[in-house]
């Protein structure tokens, strides 16, 4: 009976080892051999591109032609002198300095600087 068990055990071991290495062996490509003669099927044909219709843009009435008959040069007038005042930030800074010198608390300083800079 011992002789009968050994071939069965040996056959079982060979089958188990063969089953375990079968899928892994299929992933090995041996140099010089063709990997597979089966080519993958071609991709399905793509759908035709959508048809885009451009709406007709309405035409506006043609502008009247330019005539240079009535155009006259502007008279040379003196440019107005712009009064360059102090900027708002400068006025706020001066008002904050004044309120700090008057030893106002922060709430009174904020109210004073807002009212002072708006003048």
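Numbering (mature numbering (1 follows the signal peptide of the UniProt record, and there is no 0)), first residue to last: -26 to -1, 1 to 93. Where is the CB? At the ideal position from N, CA and C, for every residue including glycine.
| Item | Value |
| --- | --- |
| Looking at the secondary structure, which residues open and close the alpha helix (DSSP H) in which residue 63 lies? | 62 to 75 |
| With distances taken from CA atoms, which of 90, 59, 61, 62 is nearest residue 72? | 90 |
| If you draw a straight line from the C-alpha of residue 35 to the C-alpha of residue 48, how long is it? | 30 angstroms |
| Is DSSP giving residue 78 helix, strand or coil here? | coil |
| For the candidate residues 17, 76, 59, whose alpha-carbon lies nearest to that of residue 93? | 59 |
| Report the three-state DSSP secondary structure of residue 34 (helix, strand or coil). | coil |
| Give me the Cβ distance between residue 74 and residue 88, rounded to the nearest whole Å; I'm assuming they're in contact under 8 angstroms. | About 15 angstroms; that fails the 8 angstroms criterion. |
| Excluding sequence positions up to five away, which residues of its chain have a Cβ less than 7 angstroms from the Cβ of residue 86? | 69, 73, 78 |
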